[in-house]
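In what follows, a structure is listed as structure tokens, so that the remarks can point back to it.
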Amino acid sequence: MTVITVFNQKGGVGKTTTALNLLAGIAQRKQRPLGIDLDPQAHLSSIFGTHPKLADDSVYSFFMRQRPLSEVAQITPSGVILCPGHLELTKLDTLLGKGVNVVTRLRTALHSKGAIPGHVVIDCCPLLGVLSLNAIFACDLVVVPVSADYLAFQ
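The numbering of the sequence shown is the working numbering, which starts it at 32 and goes up by one.
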């Protein structure tokens, strides 16, 4: 199992597009990847047609209620397993803080005995907070998409 995090503190550089293409590439190899949408905008979830109405049906409940990822994961029509994002994820920094147990929660879950098997791709929001720290501490590889324009280089 390889855990790949797609992160950049800049918005609009193609993080979600990169995560989507990584998931598609893994799926084309006849494997069933797990996508985790840690962006409160939940664009990755939307692309896969997953629109949880309640925050408890998203990865939010993994962080707030300690629900296993397998309980919030959904198999999408394309065969990708997805833990969808939700707007309520914006509240996690305030609600949880940034203690070691908080920022390593995802890593612990992905390496636990009952974890969903297979490769994992995590789509992040452009902020360095609880969600992105969880993704960075959980991964084996960080992919940093960049846009080739002046402001992105700054």
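Positions of the beta carbon are idealized from the N, C-alpha and C atoms, including for glycine.
Quiz prompt | Simplified DSSP state of T48, which is helix, strand or coil | solution = The residue labelled residue 48 in the question sits at position 17 within the sequence shown. Here T48 sits in helix by DSSP.
Quiz prompt | Segment limits, alpha helix (DSSP H) that includes D124 | solution = By 1-based counting over the sequence shown, the position of residue 124 is 93. That run of the alpha helix (DSSP H) goes 123-127.
Quiz item: Do P115 and D68 come within 7 angstroms of each other at the CB atom, strictly closer than that value?
Solution: Position 37 of the sequence shown, counted from the first residue, corresponds to residue 68. Position 84 of the sequence shown, counted from the first residue, corresponds to residue 115. The answer is yes: Cβ separation under 7 angstroms.
Quiz item: Beta-carbon separation of C29 and T36 under 7 angstroms?
Solution: In this structure the chain extends from 32 to 185, so residue 29 is not present and cannot be described.
Practice problem: Report yes or no: do the segment 76-85 and the segment 101-119 share at least 3 C-beta pairs separated by less than 8 angstroms? | Solution: yes
Quiz prompt | Local Cβ density within 10 Å of E102, reported as buried at 16 or more and exposed below that | solution = By one-based count along the sequence shown, residue 102 stands at place 71. It is exposed - the Cβ of E102 has fewer than 16 other Cβ atoms within 10 Å.
Quiz item: For T49, does the count of other Cβ atoms within 10 angstroms reach 16, so buried, or fall short, so exposed?
Solution: As a position in the sequence shown, residue 49 is number 18, starting the count at 1. Its Cβ being crowded by 16 or more others within 10 Å, T49 is buried.
Quiz prompt | Buried or exposed (CB count within 10 angstroms, at least 16 for buried), S163 | solution = Against the sequence shown, residue 163 aligns to sequence position 132. Per the 10 Å Cβ criterion, buried.
Exercise. Please report the residue range of the alpha helix (DSSP H) in which L162 lies.
Key: As a position in the sequence shown, residue 162 is number 131, starting the count at 1. Looking at the DSSP string, the run of the alpha helix (DSSP H) that includes L162 is 161-169.
Quiz item: Just reading off the alpha helix (DSSP H) that I11 is part of, what are its end residues?
Solution: Any property of residue 11 remains undetermined from this structure, which presents the chain solely from 32 to 185.
Quiz item: Looking only at its own chain, which residues have a Cβ that is under 7 angstroms from the Cβ of L51, when we skip the five neighbours before and after it?
Solution: Numbered from its first residue, the sequence shown carries residue 51 at position 20. Correct list, in chain order: L75, I78.
Quiz prompt | Residues that L172 bridges to, as DSSP identifies them | solution = Counting from one through the sequence shown, the residue named residue 172 turns up at place 141. Looking at the DSSP assignment, L172 forms a beta bridge with I35.
Quiz item: Going by other Cβ atoms of all chains shown within 10 Å of its Cβ, with 16 needed for buried, is S92 buried or exposed?
Solution: In the sequence shown, the residue the question calls residue 92 occupies position 61. The residue is buried, with at least 16 neighbouring Cβ atoms inside 10 Å.
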